[in-house]
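Sequential numbering from 31 applies to the sequence shown in the numbering used here.
Here a beta-carbon is modelled for each residue, glycine too, at the ideal position from N, C-alpha and C.
Report on one structure; see the data block that follows.
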Amino acid sequence: MTLSRRSLLRGAAAGGAAFAVGGVFAPSIGRAAGPVKIGYVTPQSGPLAAFGEANKFVTDAVSKIAGSEVQIIARDSQSDSNKAAEAAKSLIADDGVNIMVVASTPETTNPVSSVCEVEQIPCISTVAPWQPWYIGRQGNPGDPKSWKNFEYTYHYFWGLEDIVAVYSSMWNQIETNRIVGGLFPNDGDGNAWGDPNVGIAPGLAKAGGYKVIDPGRYHNLNDDFTAQITAFKNGNADIVTGVVIPPDFTTFWTQANQQGFRPKAVTVAKALLFPSSVEALGPLGNNLSSEVWWTPNHPFKSSLTGDTSAQMADAFTKFSGRPWTQPIGFVYSLFEVALDVIKRAGDAS
């Protein structure tokens, strides 16, 4: 039996059941001529490259498990949305991939997902909050009544409601005036986080009476954050939050200290997720905070090998010589889901 691509993904229930499947990956995955091809687009260079630090570790491990009947073809988005779209188009047109997986920020997930939706190629994405992925891809993001579901593209990750819950829980533990300075770039993440209706400000107001100062959008790779720092100082912000690429946070935080702005709490997504980006701050990296969505202590096991999160983190350190990094678990899970989808399809062509 040959299934349509739409049926292929529907049968996997958007991949959510993959984590309940035990045992080692079965090689009898399809009846297509040649290997089943999985395309993978991820930032391997540019300002988002830290998200791709575990790519080779994961793809090598999954390729060893899956064997010769699966071929993983990875492409670098270069931390650029246009390059991400081009990579997806090339994987589809030139490499003939059967299914696409993509990870790490809306600048990667959204263009790849949109290309796959048009080309009717199943696509699974993660490591981007669901709001910028789902709402940001709508024809009219400001009109919820016009929003439509997608046919070929699927996504899983936490949302901004989780950011509100986690961040406010941290801030509630210290004495502040509950005034928050927001750093929101002019990109998919920043526009979603800073949206006055679906962003974090309404949720923070409800969660604990927090007021967000939003000085407006700035372009990524900004070299001067004086306007934002001045707005936060004039507004008496005790807290700073936002979703900032690593080099921009280094610039902002260095300039904030130079200009005498020292908030009581700094909790920033994206920039503070990785050991490498915090190391780049030197002593200025002390007493900063961020959300955590995967660690060696998480109580989950690989559905492919049974390895624990701790074993996976240790294996990455032995492979790379680097400390574990949060995307390891989620990037690995992309391939767990994809392989489960392929197994269920019967004929992955």
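Rounding to the nearest angstrom, what Cα-Cα distance links residue 208 and residue 260 in this structure?
Taking the sequence shown and counting its residues from 1, the one referred to as residue 208 is at position 178. Taking the sequence shown and counting its residues from 1, the one referred to as residue 260 is at position 230. Distance between the alpha carbons of residue 208 and residue 260 is about 18 Å.
Rounded straight-line distance, which links the Cα of residue 99 to that of residue 70:
Taking the sequence shown and counting its residues from 1, one reaches residue 70 at position 40. Taking the sequence shown and counting its residues from 1, one reaches residue 99 at position 69. Cα-Cα distance, rounded: 16 Å.
Looking only at its own chain, which residues have a Cβ that is under 8 Å from the Cβ of residue 314, when we skip the five neighbours before and after it?
For the purposes of this step, residue 314 is taken as residue 284 along the sequence shown, with counting starting at 1. Excluding sequence neighbours, residue 314 sits near 283, 284, 287.
Residue 115 - DSSP class collapsed to helix/strand/coil:
Stepping through the sequence shown from its first residue, residue 115 is reached at position 85. In this structure, residue 115 counts as helix in the three-state DSSP scheme.
One or two residues paired with residue 70 in a DSSP bridge
Looking up residue 70 in the sequence shown gives position 40. DSSP lists 104, 131 as partners of residue 70.
Taking only the alpha-carbon atoms, compute the straight-line gap between residue 105 and residue 122 and give it to the nearest angstrom.
Working through the sequence shown from its first residue, we reach residue 105 at position 75. Working through the sequence shown from its first residue, we reach residue 122 at position 92. Going from the Cα of residue 105 to the Cα of residue 122 covers about 12 Å.
So, are the CB atoms of residue 359 and residue 339 less than 8 Å apart?
Sequence index remark: in the sequence shown, residue 359 carries index 329 (1-based). Sequence index remark: in the sequence shown, residue 339 carries index 309 (1-based). Yes, they are a contact pair.
Residue burial classification, residue 219 (beta-carbon count within 10 angstroms, cutoff 16)
Here residue 219 is taken as the residue at index 189 of the sequence shown, counted from 1. Label assigned to residue 219: buried.
Is residue 113 buried or exposed, if buried means 16 or more other CB atoms sit within 10 Å of its CB?
Position 83 of the sequence shown holds residue 113. Per the 10 Å Cβ criterion, buried.
Can you give the beta carbon distance from residue 273 to residue 236, rounded, assuming they're within the 8 Å contact cut?
Position 243 of the sequence shown, counted from the start, is the residue given in the question as residue 273. Position 206 of the sequence shown, counted from the start, is the residue given in the question as residue 236. 20 Å between Cβ atoms; not a contact.
Sequence-distant residues of its chain with Cβ nearer than 6 Å to residue 77 (five each side left out):
As a first step, residue 77 must be located in the sequence shown, where it is residue number 47. Around residue 77, the same chain offers 109, 275, 277 as residues with beta carbons nearer than 6 Å, after the five sequence neighbours per side are excluded.
Nearest to residue 335 by alpha carbon, out of 131, 72, 310, 88?
Residue numbering aside, residue 335 sits at position 305 when the sequence shown is read from its first letter. Among 131, 72, 310, 88, the Cα nearest to that of residue 335 is on 88.
Of all the options 86, 307, 325, 302, which has the alpha carbon lying nearest to the alpha carbon of residue 319?
Mapped onto the sequence shown, residue 319 falls at position 289. Ranking 86, 307, 325, 302 by Cα distance to residue 319 puts 302 first.
Taking residue 184 as part of the beta strand (DSSP E), name the residues at either end of that continuous run.
Locating residue 184 in the sequence shown gives position 154, where the first residue counts as 1. That run of the beta strand (DSSP E) goes 183-185.
Whether residue 147 touches residue 183 by CB criterion (8 Å)
In the sequence shown, the residue the question calls residue 147 occupies position 117. In the sequence shown, the residue the question calls residue 183 occupies position 153. Taking 8 Å as the Cβ cut-off, residue 147 and residue 183 qualify as a contacting pair.
Leaving aside the five residues before and after residue 231 along the sequence, list all residues of the same chain whose C-beta is less than 6 Å from its C-beta, in chain order.
Here residue 231 corresponds to residue number 201 of the sequence shown, with the count starting at 1. 242, listed in sequence order.
In or out: residue 330 buried (at least 16 other Cβ within 10 Å) or exposed?
Position 300 of the sequence shown, counted from the first residue, corresponds to residue 330. Under this definition residue 330 is an exposed residue.
DSSP on residue 142, reduced to helix/strand/coil?
Within the sequence shown, numbered from 1, the residue matching residue 142 stands at position 112. Residue 142 falls in the helix class under three-state DSSP.
Residue 197, DSSP secondary structure in three states
Here residue 197 refers to the residue found at position 167 of the sequence shown. In the structure shown, residue 197 sits in a helix (DSSP, three-state: H, G or I).
Would the beta-carbon of residue 343 fall within 8 Å of that of residue 326?
As a working note, residue 343 is residue 313 in the sequence shown. As a working note, residue 326 is residue 296 in the sequence shown. Going by C-beta atoms, residue 343 is nearer than 8 Å to residue 326.
Is the beta carbon of residue 369 less than 8 Å from the beta carbon of residue 96?
Locating residue 369 in the sequence shown gives position 339, where the first residue counts as 1. Locating residue 96 in the sequence shown gives position 66, where the first residue counts as 1. Against a cut-off of 8 Å, the Cβ pair of residue 96 and residue 369 comes out as a contact.
Length of the line joining the Cα atoms of residue 363 and residue 200:
Locating residue 363 in the sequence shown gives position 333, where the first residue counts as 1. Locating residue 200 in the sequence shown gives position 170, where the first residue counts as 1. Approximately 28 Å, taken between the alpha carbons.
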